[in-house]
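In our numbering, the protein residues as written are 1 to 271.
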Ligand code: ATP
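Here it is, written out as structure tokens:
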């Protein structure tokens with residue numbers, strides 16, 4: 001919830017330096033920042049800005065963060081919506097909301113429109129597997145999105161970034177040239193990646209001498225960036241509760257248990 005707490009159309013403060021462990025995705029995204037910042041240079045050479053970027057990968061790997069960083073780096077206004085918001089809506093409301101957001105963003109370029117969980121509206125039409133398949137409201141919302149994306153041919157300083165956990169379930173119409181033709185994988189972090197993420201989130205958190213971040217990066221195999229950030233935050237809360245001046249290894253261990261097992265189970269495990 002908090003990650004979308006930002007006001008509509010605001011310029012995010014997130015930068016590429018806030019993202020770690022997914023250098024290739026950041027590299028691809030930074031090309032688009034250049035486009036947004038200096039469109040004339042590109043146009044002079046006949047290059048067209050892609051209208052859409054599709055980020056895909058498991059939950060909590062930093063897709064939303066990356067979209068915000070593109071806006072932050074490019075000095076662009078950020079408009080966010082989530083495909084899941086449209087699922088329970090009356091027919092036509094989702095399409096109207098899409099139209100409204102695009103209209104606002106066009107008046108406020110450079111701008112990024114971010115659509116999280118795009119599979120909720122963009123699943124293969126008529127298919128039974130996806131959240132939006134065969135669902136009339138989702139179909140209308142998707143159609144409106146396609147119409148809007150066809151309406152700007154890479155001449156506006158407007159970029160639509162969408163995120164999904166499941167690229168394979170998306171309607172191929174969404175992935176066609178001129179729409180979300182660029183796909184960037186944001187995968188689970190490697191051990192090195194986890195260490196960089198831990199370092200980013202350890203900033204401003206006093207750590208006790210017994211904390212060994214490289215060791216933590218090793219034992220947290222399978223954890224996402226979101227889980228690592230949560231672990232450090234929970235560890236800080238533990239230390240504050242215990243009135244300790246620094247976050248100890250034990251605080252982080254308990255923080256980790258709270259993230260993977262939930263607070264109640266974690267205290268039972270430690271009791
Ligand atoms: P979802 O698919 O669930 O929407 P997501 O991929 O969009 O997840 P984010 O919302 O960007 O994930 O991540 C949540 C939080 O986790 C971020 O705000 C950040 O604090 C932390 N985080 C996740 N990935 C990274 C990363 N690669 N580097 C630094 N922090 C990260």
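A virtual CB, placed ideally from N, CA and C, is assigned to each residue, including glycine.
Note that the structure is a prediction, hence the values are computed from the model and not measured.
Check, Outcome
"Cβ-heavy atom distance, residue 255 to ligand 1, below 8 Å", "no"
"Cα-Cα separation between residue 38 and residue 109, rounded to whole angstroms", "13 Å"
"Presumed contact (8 Å Cβ cut-off) between residue 245 and residue 189, rounded CB distance", "Contact doesn't hold; Cβ gap of about 30 Å is too wide."
"Alpha carbon of residue 233 to alpha carbon of residue 168, nearest angstrom", "34 Å"
"Close beta carbons around residue 141, own chain, < 7 Å, minus the five adjacent residues each side", "86, 94, 95, 98, 121"
"8 Å CB neighbourhood of residue 33 in its chain, flanking five on each side removed", "70, 73, 74"
"Exposed unless 16 or more other CB atoms sit within 10 angstroms - verdict on residue 35", "buried"
"Whole-angstrom distance between residue 203 and residue 255, CA atom to CA atom", "17 Å"
"Contacts around residue 183, its chain only, beta-carbon distance under 6 Å, and the 5 residues preceding and following it disregarded", "54"
"As assigned by DSSP and simplified to three states, the class of residue 178", "coil"
"Cutoff 6 Å; reference residue 229; Cβ partners in own chain excluding five residues on either side", "201"
"Straight-line Cα distance separating residue 224 from residue 59", "8 Å"
"Residue span of the beta strand (DSSP E) that contains residue 71, given as start and end", "Looking at the DSSP string, residue 71 is not in any beta strand (DSSP E); the run it does join, the alpha helix (DSSP H), is 63-74."
"Residue 103 - DSSP class collapsed to helix/strand/coil", "helix"
"Simplified DSSP state of residue 112, which is helix, strand or coil", "strand"
"Local conformation of residue 19 per DSSP, three classes", "coil"
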